[in-house]
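Visitor:
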Amino acid sequence: MQRFIIVLLSLTLLWTGGNALAATPKYGGTYRFPLSTDPPTLDPAQITDTTSHSVASEIFNALVRYDENLRLVPDIATRWEISPDKRTYTFYLRKGVKFHNGRECTAQDFRYTFERVLNPATHSPRTGFIDRLQGAKEYMQGKADRVTGITVVDDYTLKLTLEKPFTLFLHLLAYSSNYVVPREVVERYGKDFTSHPVGTGPFRFVEWKHDDHILLEANPEYFRGRPYLDRILYRIIPEEMTRLEEFKAGNLEHSDIPSGQFLSVKNDPELGKLLVSYPNLGTYSFRFNMEKPPFKNNKKLRQAFNYAIDRQAISDIILEGRVIPAKGVLPPTMPGYNPDLKGYTYNPEKARQLLAEAGYPGGKGFPHIDLYFNTNETHQKIAELVQAQLRELGINIGLRSLDWAAYIKLVDDGGTLLHRMGWIADYPDPENFLTVLHHSRNIGPAGNSARYSNPRVDALLDRADASEDWEERKRLYQEAERIIVDDAPWIYVYYYSANMLFQPYVRGLRLTGMDSELTIGIQPMELVWLDR
Numbered sequence: 262m263q264r265f266i267i268v269l270l271s272l273t274l275l276w277t278g279g280n281a282l283a284a285t286p287k288y289g290g291t292y293r294f295p296l297s298t299d300p301p302t303l304d305p306a307q308i309t310d311t312t313s314h315s316v317a318s319e320i321f322n323a324l325v326r327y328d329e330n331l332r333l334v335p336d337i338a339t340r341w342e343i344s345p346d347k348r349t350y351t352f353y354l355r356k357g358v359k360f361h362n363g364r365e366c367t368a369q370d371f372r373y374t375f376e377r378v379l380n381p382a383t384h385s386p387r388t389g390f391i392d393r394l395q396g397a398k399e400y401m402q403g404k405a406d407r408v409t410g411i412t413v414v415d416d417y418t419l420k421l422t423l424e425k426p427f428t429l430f431l432h433l434l435a436y437s438s439n440y441v442v443p444r445e446v447v448e449r450y451g452k453d454f455t456s457h458p459v460g461t462g463p464f465r466f467v468e469w470k471h472d473d474h475i476l477l478e479a480n481p482e483y484f485r486g487r488p489y490l491d492r493i494l495y496r497i498i499p500e501e502m503t504r505l506e507e508f509k510a511g512n513l514e515h516s517d518i519p520s521g522q523f524l525s526v527k528n529d530p531e532l533g534k535l536l537v538s539y540p541n542l543g544t545y546s547f548r549f550n551m552e553k554p555p556f557k558n559n560k561k562l563r564q565a566f567n568y569a570i571d572r573q574a575i576s577d578i579i580l581e582g583r584v585i586p587a588k589g590v591l592p593p594t595m596p597g598y599n600p601d602l603k604g605y606t607y608n609p610e611k612a613r614q615l616l617a618e619a620g621y622p623g624g625k626g627f628p629h630i631d632l633y634f635n636t637n638e639t640h641q642k643i644a645e646l647v648q649a650q651l652r653e654l655g656i657n658i659g660l661r662s663l664d665w666a667a668y669i670k671l672v673d674d675g676g677t678l679l680h681r682m683g684w685i686a687d688y689p690d691p692e693n694f695l696t697v698l699h700h701s702r703n704i705g706p707a708g709n710s711a712r713y714s715n716p717r718v719d720a721l722l723d724r725a726d727a728s729e730d731w732e733e734r735k736r737l738y739q740e741a742e743r744i745i746v747d748d749a750p751w752i753y754v755y756y757y758s759a760n761m762l763f764q765p766y767v768r769g770l771r772l773t774g775m776d777s778e779l780t781i782g783i784q785p786m787e788l789v790w791l792d793r
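Numbering-wise (our numbering), the sequence shown opens with residue 262 and increments by one.
(1) Which residues in the same chain have their Cβ closer than 6 Å to the Cβ of S271, if we skip the five residues on either side of it in sequence?
(2) How would you call E319, buried or exposed, if buried means at least 16 neighbouring beta carbons within 10 angstroms?
(3) By DSSP's criteria, T418 is part of a beta bridge. Which residues make up the other side?
(4) Figure out for me which residue from F375, F390 and L296 has the closest Cα to the Cα of G708.
(5) What residue range does the alpha helix (DSSP H) around F523 cover?
(6) From this set, G486, I411 and H515, which residue's C-alpha is nearest I493's C-alpha?
(7) What runs of the alpha helix (DSSP H), each 4 residues or longer, lie entirely inside the segment 527–587?
(8) What would DSSP say about H471, mapped onto helix, strand or coil?
(9) Use the C-beta contact count for W341: other C-beta atoms within 10 angstroms, 16 or more gives buried, fewer gives exposed.
(10) On a CA-only basis, which of Y350, D416 and D690 is nearest T594? Give me that one, please.
(11) I believe A382 touches T418 by the beta-carbon criterion, under 8 Å. Please report the beta-carbon distance rounded to the nearest angstrom.
(12) How would you label E376, buried or exposed, when you count the other beta carbons within 10 angstroms and need 16 or more for buried?
(13) Nearest CA to the CA of N599: which residue from P609, T606 and A587?
(14) Looking at C-alpha atoms only, which residue of K603, W790, T461 and N703 is the closest neighbour of F371?
(15) Which residues mark the beginning and the end of the beta strand (DSSP E) in which P716 is found?
(16) So F549 and P750 are supposed to be a Cβ contact under 8 Å. How far apart are they, rounded?
(17) Assuming E742 is part of the alpha helix (DSSP H), what are its boundary residues?
(18) Check for me: the beta strand (DSSP E) holding M682 runs from which residue to which?
(19) Helix, strand or coil: how does DSSP classify F464 here?
(20) Extract the residue ranges of the beta strand (DSSP E) inside the segment 325–398, only unbroken runs of 3 or more that lie entirely within it.
(21) Check the DSSP bridge columns for T285 and list the partner residues they point to.
(22) From the DSSP secondary-structure annotation, give me the bridge partner or partners of F634.
(23) Whole angstroms is fine: what's the gap from Y757's alpha carbon to G543's?
(24) What span of residues does the alpha helix (DSSP H) with A405 cover, start to end?
(25) Nearest to G403 by alpha carbon, out of D726, L379, V526 and P458?
(26) Helix, strand or coil: how does DSSP classify H314 here?
(27) Can you tell me which of the three DSSP states M761 falls into?
(28) Do you know how far the Cα of D406 is from the Cα of T312?
(29) With distance defined between alpha-carbon atoms, name the residue in T422, H384 and V414 nearest to A397.
(30) Please return the same chain residues whose Cβ sits closer than 7 Å to the Cβ of P203, not counting the five positions on each side in sequence.
(31) Figure out for me which residue from L772, T455 and G604 has the closest Cα to the Cα of V590.
(32) Leaving aside the five residues before and after L476 along the sequence, list all residues of the same chain whose C-beta is less than 7 Å from its C-beta, in chain order.
(33) Tell me whether the beta-carbon of K356 lies closer than 8 Å to the beta-carbon of E482.
(34) Select from E787, G582 and I585 the residue whose C-alpha is nearest the C-alpha of R465.
Right, dumping it as structure tokens:
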């Protein structure tokens with residue numbers, strides 16, 4: 262039976278293959294996991310992308326993590342207490358948790374981890390996930406040797422004190438940048454720690470042959486017990502059709518589905534039984550550089566581009582109807598989604614009118630620009646269709662693709678005028694889409710790659726982030742999103758959905774709405790086993 266899952270906030274899929282009443286879990290075997298690109302890094306302090314997170318989540322742990330229902334649960338912390346003023350969090354840690362080098366993990370390691378992320382010498386793009394700690398700003402500015410908001414009470418008790426209450430603090434602690442790392446290993450390898458990652462997770466790093474594979478092995482000392490799998494082999498396979506053919510040949514345990522192949526897979530009498538489909542907490546977009554002409558200070562031009570794009574055609578022609586055209590920033594499965602937001606419908610006449618009002622009638626005088634995207638066949642097809650649709654307005658753009666590592670560096674440095682970007686939620690809250698991606702303090706690698714800045718939006722987001730009343734937060738976030746969409750720092754394209762094939766013998770895999778086709782990892786694979 263084909264499995265289609267309706268996702269609300271907390272999607273759970275416990276994949277049991279064709280036999281729901283499977284036998285007792287078996288130990289052994291290698292899970293062959295496809296990746297479309299080499300991860301840019303395996304150093305938690307540097308991770309900003311889902312590919313890196315997918316691998317790192319098997320190597321490392323944090324204080325807290327998500328369960329299959331996207332609820333926060335203990336990880337290395339066994340429990341925690343929150344002070345009445347909601348500024349101090351006291352975590353009680355598990356005893357006997359060992360790093361892969363054999364040393365026990367203690368509260369001191371979390372102090373080191375958090376201060377390492379905040380240390381300017383680390384150049385972490387994710388300081389915003391821990392900089393709400395008291396004294397963090399002074400530490401980052403070199404005015405203090407320690408973060409005063411971090412108190413090691415004893416080896417197994419850690420206190421974290423915030424400058425002011427923040428409702429989502431526990432969610433931030435679950436993010437990959439806050440995975441605990443051992444100081445002695447980081448200091449031994451320096452920047453090369455990314456090639457020698459050591460954590461406390463269910464799998465240990467073995468080797469990384471760049472652009473070919475990454476191999477992990479089961480950690481026999483894992484504090485939750487040895488994983489069932491012996492190994493995870495991440496195979497870097499850039500070509501979509503090659504991944505599908507490798508799956509069909511039995512050389513991969515799962516695969517995404519190439520553009521143009523979804524309906525044939527869905528209707529195949531054998532493959533259709535192995536298909537899993539569900540919406541993601543994610544949005545696909547093209548983003549303008551708001552700091553440089555021609556898009557700087559030209560809202561009508563950005564709106565013209567939005568009206569010029571036929572999102573339904575992208576969904577129907579390239580993605581075979583498996584995605585929903587986007588109207589704004591927040592996907593429909595995200596709390597706070599505004600169903601009344603109108604967004605931009607395909608309207609070439611409106612686009613031409615706005616283009617003329619923006620100073621480029623019929624595209625005359627518009628400078629040559631390139632649309633950048635990371636190398637991927639689906640991204641290429643979408644970019645080509647967008648290029649053709651803009652050409653109808655007299656706008657001629659070039660297309661440039663780069664491998665992921667080079668691409669994300671160029672984007673982070675503000676080196677593009679128009680670029681593709683997808684966003685799958687780091688945590689199930691609108692703050693992760695609106696504040697992280699649109700607040701002016703996050704311009705650059707922190708998330709705001711459009712380099713968007715609007716003081717009114719900043720003020721609304723600050724108020725929403727500080728509030729503990731959900732209804733007030735929702736109202737403020739929706740007001741901010743309306744302004745953002747009108748400002749059009751992005752071309753809103755579609756809301757993600759995941760469509761994957763799994764071999765019938767795969768058992769125990771838990772997927773959430775924050776997992777995507779090639780980057781599953783919100784739930785570590787410690788309970789996955791192969792029934793063969």
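All C-beta atoms in this analysis are idealised placements derived from N, C-alpha and C, irrespective of residue type, glycine included.
Guide: Based on what the coordinates show:
(1) With a pLDDT of 36 at S271, under the threshold of 50, the predicted position of this residue should be treated as unreliable, though the coordinate-derived value follows. Result list for S271: N330 and L331, in chain order.
(2) buried
(3) Y353 and D415
(4) F390
(5) F523 to N528
(6) H515
(7) 560–569
(8) coil
(9) buried
(10) D690
(11) A382 to T418, Cβ: 28 Å. No contact.
(12) buried
(13) A587
(14) T461
(15) Unbroken run through P716 is the alpha helix (DSSP H), P716 to A727; no beta strand (DSSP E).
(16) 6 Å
(17) W731 to D748
(18) L679 to I685
(19) strand
(20) 325–327, 333–335, 338–343 and 349–354
(21) For T285, which the question treats as bridged, DSSP gives no partner whatsoever.
(22) S662
(23) 5 Å
(24) First-last for A405: undefined, no H or E at that position.
(25) L379
(26) helix
(27) strand
(28) 34 Å
(29) T422
(30) In the structure as shown, the chain starts at 262 and stops at 793, and residue 203 therefore has no counterpart that could be examined.
(31) G604
(32) V467, E468, R492 and L494
(33) no
(34) E787
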